[in-house]
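Visitor: The letter at position 301 of the sequence shown is residue 326 when you use this note's numbering, and the numbering goes up by one with no holes.
Ideal Cβ positions, reconstructed from N, Cα and C, are used throughout, including at glycine.
Have a look at this one.
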Amino acid sequence: MTTTPAATATLHGLPPGPKFPPLLMTWIFLRHRTRFMRKSQKRHGDTFSVRILPGPRRIVVFSRPEDIKEIFAADPSQFHAGEGNTILKPVMGKHSVLLTDDSEHMRARKLLMPAFNGASLRGYRSLVESIAKREVDSWTDGQTLVSLDRMNALTLEVILQVVFGVTDESRLERMRPLVNRMVNINASMLIAWSYPKLFTLPPWKSYFVNQQKADELLYAEIAERRDAKDLDSREDVLSRLLKVGRGEGHEHEALSDSELRDQLVTLLLAGHETTASALSWTLHELGRNREVLREALKAADEGDDAFLEACLKEAMRLHPVIDFVARTLKSEQTVGGWTLPRGTTVAPSIVMSHARAENFADAGTYRPRRFLDEHVAANTWIPFGGGIRRCIGAGFSLMEGTTVLREVLQRYDVVADEPSPNKLRNITNVPEDKAPVRLSVRH
């Protein structure tokens, strides 16, 4: 079913969509977005619109690959991704690579890219392996592992040590609770970000008091690292970012302390629970699919990271961690046959794209081999977005997830009994029951 008109029948205005009042629509969008999108697609077709606060803001959701391609390939000066993510500004900061557009975004991206290229990822892998080994060492035979909790703890350590470069245990003990609180964001907190007056009231006030304390530690770490005698030999992300743009002959100035803070918090919020959720969904699916698990265990033993990465990708397809990406139009634009007014936000739906039978045969089945033996068309598997705004940490996330998966499966078989329902927690989808799996030591 589709409501998108043929190319010869361009329509003006917004596509049809649910008629809920904006306040109710906002609450549904923040609490039950995945279920809502699927129901709306069945009722209104592949393209539909919603109105949410503040504003109300007009969002048009797309899911056909040709429409998604059109959005990702569009002129970024007229399709603002940073503006589309503005709800995140109170915590990520105005310099965040996710929230800036035009020349400011290109500068930030250019300075960040060296910390996430292939050579850098290879340098991070050994520390990710050691963190994963320590985590798996704490598990026991026969244990029921609450995988989301353990993967969250593990990926937090990766952020703190590999990204922030903090390895001193006393500093880690001070940072863990503060950083944990920063990422513990629910729907009511997101609403407050749209209405800053709420920041002075509980429970929002305590969140931002905690954020200020975390910022103090981050700024202190940045200042100390700038003066570190071993900076040139350090390979964590923060140290790499501090080295970019130094000296003469560089096109851009180095990142300021406030820019570094905003990018570090962005990497924390965008790369912590997202990777943890993807890993927990992967363990859950492997625990329910014995044939796939046998192949994954063999891959872990033989160092076949390609298959382990395919297991991760297929879990991210079947259980999208993020529902959609957004671009706000700076001028009237025609997208998917609809001429949309300036100020409209266009949103390629990751959830709907990943579930389309036209994109993925047996879309409801967990089948990692599709990423190795079949052609996955462009603009169909889009967990990291696309175009020039594709997630800068995509390679890091897949490297981290594959490394952790290998460490787990080299030592443990996993079993999961029931399908784990989805829950929208802040901006990420996680297993509602935290995806428990039973462990048994491999012999």
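#1: The alpha helix (DSSP H) spanning S128 covers which residue range?
#2: Residue ranges of each alpha helix (DSSP H) run of no fewer than 4 residues wholly in the segment 143–171, ordered along the chain?
#3: I'd like to know whether the C-beta atoms of M207 and A178 end up nearer to each other than 7 Å.
#4: Measure the alpha-carbon distance for R134 versus V171 and round it to whole angstroms.
#5: Rounded to whole angstroms, what's the CA-CA distance from K114 to S121? Just pull it up for me.
#6: What first and last residue would you give for the alpha helix (DSSP H) that runs through Q358?
#7: Could you tell me if Q66 is buried or exposed, where buried requires 16 or more neighbouring beta carbons within 10 angstroms of its beta carbon?
#8: Between the alpha carbons of A324 and L337, how many angstroms are there, rounded?
#9: Given this structure, state the Cα-to-Cα distance separating I417 from A295, to the nearest angstrom.
#10: Alpha carbon to alpha carbon, how far is T405 from H379?
#11: Is it buried or exposed for T72, if we count other Cβ within 10 angstroms and need 16 for buried?
#12: Please state if the CB of D287 and the CB of G107 are separated by a distance shorter than 7 Å.
#13: Grab me the residues of G190's own chain with a C-beta within less than 6 Å of its C-beta, minus the 5 sequence neighbours each way, in chain order.
#14: From the beta carbon of L333, is the nearest beta carbon of chain D less than 7 Å away?
#15: Identify every run of the beta strand (DSSP E) within the segment 300–365, keeping only runs that are complete inside it and at least 3 residues long; order them along the chain.
#16: Relative to the C-alpha of N384, which candidate in I93, W363, S231 and L293 has its C-alpha closest?
#17: Along the alpha helix (DSSP H) that carries K44, what are the first and last residues, could you check?
#18: Once DSSP output is grouped into helix, strand and coil, what is the label at T27?
#19: With distances taken between CB atoms, is the gap from L333 to T180 smaller than 7 Å?
#20: From I210, L242, D166 and G361, pick the residue whose C-alpha is nearest to that of E198; which is it?
#21: Identify, in the order they occur along the chain, each residue of the same chain with its Cβ nearer than 7 Å to the Cβ of T59, setting aside the five sequence neighbours on each side.
#22: So the candidates are M62, L304, V183 and R132; which of them puts its Cα closest to the Cα of E278?
#23: According to DSSP, what are the bridge partners of K448?
#24: Using 8 Å as the threshold, is the segment 300–308 in touch with the segment 350–359, meaning 3 or more CB pairs across them?
#25: Exposed or buried, P456, counting other C-beta atoms within 10 Å across all chains shown (16 or more means buried)?
#26: Give the secondary structure of K191 by DSSP, where H, G and I count as helix, E and B as strand, and everything else as coil.
#27: Is E339 buried or exposed, if buried means 16 or more other CB atoms sit within 10 Å of its CB?
#28: In terms of residue numbering, what span does the beta strand (DSSP E) encompassing Y437 cover?
#29: Counting only runs that start and end within the segment 43–106, where is the beta strand (DSSP E) found for 3 or more residues in a row?
#30: Quick one: what's got a C-beta closer than 8 Å to R201's C-beta in the same chain, skipping five residues either side?
#31: Should T364 and H69 be called a contact, given that it needs their Cβ atoms to be closer than 7 Å?
#32: Which of helix, strand or coil does DSSP assign to S281?
#33: Rounded to a whole number of angstroms, what is the C-alpha to C-alpha distance between S374 and D329?
#34: Among Q435, S305, V466 and T390, which one has its Cα closest to the Cα of A321?
#35: Find out if the Cβ-Cβ distance for the pair V429, A99 is shorter than 7 Å.
#36: If you draw a straight line from the alpha carbon of T169 to that of V462, how long is it in whole angstroms?
Guide: The short version:
#1: D127 to L137 is the span of the alpha helix (DSSP H), which, as asked, contains S128.
#2: Taking 4 residues as the minimum length, the alpha helix (DSSP H) runs contained wholly in the segment 143–171 are 143–162, in order along the chain.
#3: For M207 and A178, no; Cβs fall outside 7 Å.
#4: Counting only the Cα atoms, V171 lies some 36 Å from R134.
#5: Their Cα atoms are separated by approximately 8 Å.
#6: Here Q358 belongs to no alpha helix (DSSP H); instead the beta strand (DSSP E) covers Q358 to V360.
#7: Flag for Q66 reads buried.
#8: In this structure, the alpha-carbon of A324 lies about 13 Å from that of L337.
#9: Rounded to whole angstroms, I417 to A295 spans 10 Å at the Cα level.
#10: Taking the straight line joining both Cα atoms gives about 6 Å.
#11: Classification of T72: buried, given that the 10 Å Cβ count is 16 or more.
#12: The answer is no: Cβ separation not under 7 Å.
#13: Same-chain partners within the cutoff: D261, L263 and S264.
#14: Absence of chain D from the displayed structure is noted, only one protein chain being present.
#15: Within the segment 300–365, the complete beta strand (DSSP E) runs of at least 3 residues are 352–354, 358–360 and 363–365.
#16: That would be I93, whose Cα lies nearest to the Cα of N384.
#17: In the DSSP annotation of this structure, K44 is not part of any alpha helix (DSSP H), being labelled neither H nor E.
#18: With a pLDDT of 48 at T27, under the threshold of 50, the modelled position of this residue cannot be trusted; read the value that follows with caution. Three-state result, T27: coil.
#19: For L333 and T180, no; Cβs fall outside 7 Å.
#20: Of the candidates I210, L242, D166 and G361, the one whose C-alpha sits nearest the C-alpha of E198 is L242.
#21: Result list for T59: D348, V376, N447, L449 and N454, in chain order.
#22: Taking each of M62, L304, V183 and R132 in turn and checking the Cα distance to E278, the smallest one comes out for R132.
#23: The partner list for K448 (beta bridge, DSSP) reads V455.
#24: Cβ pair count under 8 Å is below three, so no.
#25: Buried: at least 16 other Cβ atoms inside 10 Å.
#26: The sequence as given places Val at residue 191; Lys does not occur at that position. For V191, the three-state secondary structure derived from DSSP is coil.
#27: Counting of Cβ neighbours within 10 angstroms places E339 among the buried residues, the total reaching 16 or more.
#28: That run of the beta strand (DSSP E) goes Y437 to V440.
#29: Entirely contained in the segment 43–106, the beta strand (DSSP E) runs reaching 3 residues are, in chain order, 73–77 and 82–87.
#30: Excluding the 5 residues flanking it on each side, R201 has same chain C-beta neighbours closer than 8 Å at L181 and L185, in chain order.
#31: No, the pair does not count as a contact, with Cβ atoms beyond the cut-off.
#32: If DSSP states are grouped into helix, strand and coil, S281 belongs with coil.
#33: Annotation: S374 to D329 spans about 31 Å, alpha carbon to alpha carbon.
#34: Comparing Cα-Cα distances from A321 to each of Q435, S305, V466 and T390, the minimum goes to Q435.
#35: No, Cβ-Cβ distance for V429 and A99 is not below 7 Å.
#36: Approximately 6 Å between the Cα atoms of the pair.
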